[in-house]
Amino acid sequence: RLMGLVRKELIRLDEQETPDLDVLDEEIRFRFRHQLVRDAAYEALPKHERARLHEAFADWMEGTLANRMEELHEVVGHHLEQACLYVRSVGGATAAAERLAERAADQLGAGADKAYSRGDMAALARLLERATALLPADSPRRLALLPKLAEPWTMVGRYAEAQAAIAEVLASPIADPSTRALALEMIELPLALGASLAESDPLVDEALAIRRRL
């Protein structure tokens with residue numbers, strides 16, 4: 002079937018591969034000849050099939066390219082994110098969707114850590130926003146990501162959102178001590194970077210009160 006599509010010039014053998022055409026096996030790779038053909042093929046797929054294929058590709062990457070995961074967290078996270086969104090669009094908030102959301106958030110969060118290490122605040126914010134958007138409000142995973150998100154938001158002047166993220170963590174009864182401690186570290190950042198004293202003082206007072214109680 003694949004070679005039939007090659008003859009119709011819809012797909013082609015990967016130029017980086019030089020396989021023996023008489024022996025087709027799973028190592029042979031194909032590419033669409035044009036992005037428009039790829040897009041048309043993708044759009045023709047039902048949403049549940051798109052979800053299955055995105056998840057299958059993420060599984061394949063995690064299993065086959067495990068030694069390269071350091072550089073692939075964002076890519077794997079993208080495919081798991083897409084799988085989750087498609088599952089939700091056809092089936093609602095199912096257990097399968099929540100499992101995909103957690104896996105996607107973990108991968109996007111790992112990609113965010115890498116972005117932070119290279120000082121890419123824009124990528125850090127983008128990845129963490131996507132990760133937290135996938136998780137329910139009462140998820141400990143989401144709460145753990147919010148203090149990390151407060152920093153890039155503050156750096157670009159989104160003080161109100163940064164303070165709201167910190168306040169949400171400090172007000173949550175399910176935030177673990179390490180997450181709460183990170184929120185306490187971040188709480189004075191908006192002030193240091195230019196937020197008004199009137200906006201920051203109440204949160205600082207609250208943080209000091211929480212620190213004393215802990």
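With the numbering used here, the residue at position 33 of the sequence shown is 34, and numbering never jumps.
Just so it is clear, CB atoms sit at the ideal spot from N, CA and C, and this is done for glycine as well.
Remember, predicted model here, so these are calculated numbers, not experimental data.
For this session: Put Arg34 into one of helix, strand or coil per three-state DSSP.
Result: coil
Problem set entry | Nearest candidate by alpha-carbon position, reference Arg8, set Arg34, Ile29, Glu16 | Arg34
Exercise. Given Ala166, which residues of its chain have a CB within under 6 Å of its CB, disregarding the five upstream and five downstream residues?
Worked result: Leu147, Leu150, Ala151
Exercise. How about Leu101 and Leu81: do their beta carbons lie closer than 9 Å?
Worked result: yes
Exercise. Would you say the segment 83-98 touches the segment 122-131, given that touching needs at least three Cβ pairs under 8 Å?
Worked result: no
Problem set entry | For Leu66, three-class secondary structure by DSSP | coil
For this session: Can you grab the Cα-Cα spacing for the pair Ala145 / Thr180, in whole Å?
Result: Straight-line Cα distance between these residues: approximately 5 Å.
Problem set entry | Neighbourhood of Ala105 by C-beta distance below 6 Å, restricted to the same chain and skipping five residues each side | Answer for Ala105: Gly78, Leu81, Glu82, Cys85, Leu135, listed in chain order.
Exercise. Hey, how far is the Cα of Glu16 from the Cα of Met4?
Worked result: Those two C-alpha atoms are separated by around 15 Å.
Problem set entry | Backbone secondary structure at Ile29 - three-state DSSP | Under the three-state reduction of DSSP, Ile29 is assigned to coil, being neither helix nor strand.
Exercise. Candidates Leu14, Ile211, Glu169: which alpha carbon is nearest Phe31's?
Worked result: Leu14
Exercise. Using the rule of at least 16 other Cβ atoms within 10 Å of the residue's Cβ for burial, across every protein chain shown, is Trp61 buried or exposed?
Worked result: exposed
For this session: Alpha carbon to alpha carbon, how far is Ala52 from Ala94? Give it in angstroms, no decimals.
Result: Their backbone Cα atoms lie some 14 Å apart in a straight line.
For this session: Specify the secondary structure class of Arg13 as computed by DSSP and reduced to three states.
Result: strand
Exercise. Straight-line CA distance for Asp177 to Ala124?
Worked result: 26 Å
Problem set entry | With 16 other Cβ atoms within 10 Å as the buried cut-off, status of Gln36 | exposed
For this session: Run the CB neighbour count on Ile188, radius 10 Å, all protein chains shown included, and call it buried at 16 or more, exposed below.
Result: buried
Exercise. Do Glu186 and the ligand COA come close, with the Cβ less than 8 Å from some heavy atom?
Worked result: The ligand COA is not part of the structure shown, which contains no ligands of any sort.
Exercise. Should Pro174 be labelled buried (16 or more other beta-carbon atoms within 10 Å of its own) or exposed?
Worked result: exposed
For this session: May I ask which residues mark the beginning and end of the alpha helix (DSSP H) holding Pro47?
Result: From DSSP, Pro47 is part of no alpha helix (DSSP H); its letter is neither H nor E.
Exercise. Between which two residues does the alpha helix (DSSP H) carrying Leu129 extend?
Worked result: 122-135
For this session: Could you round the C-beta distance between Gln108 and His74 to whole angstroms and report it? I think they count as a contact, below 8 Å.
Result: With 8 Å as the limit, Gln108 and His74 qualify as a contact, their Cβ atoms being about 5 Å apart.
For this session: Check Val24 in the structure and name its three-state DSSP category.
Result: Note that Val24 scores 47 on pLDDT, short of 50, meaning its location in the model is unreliable; the coordinates nonetheless yield the value given after this. Here Val24 sits in coil by DSSP.
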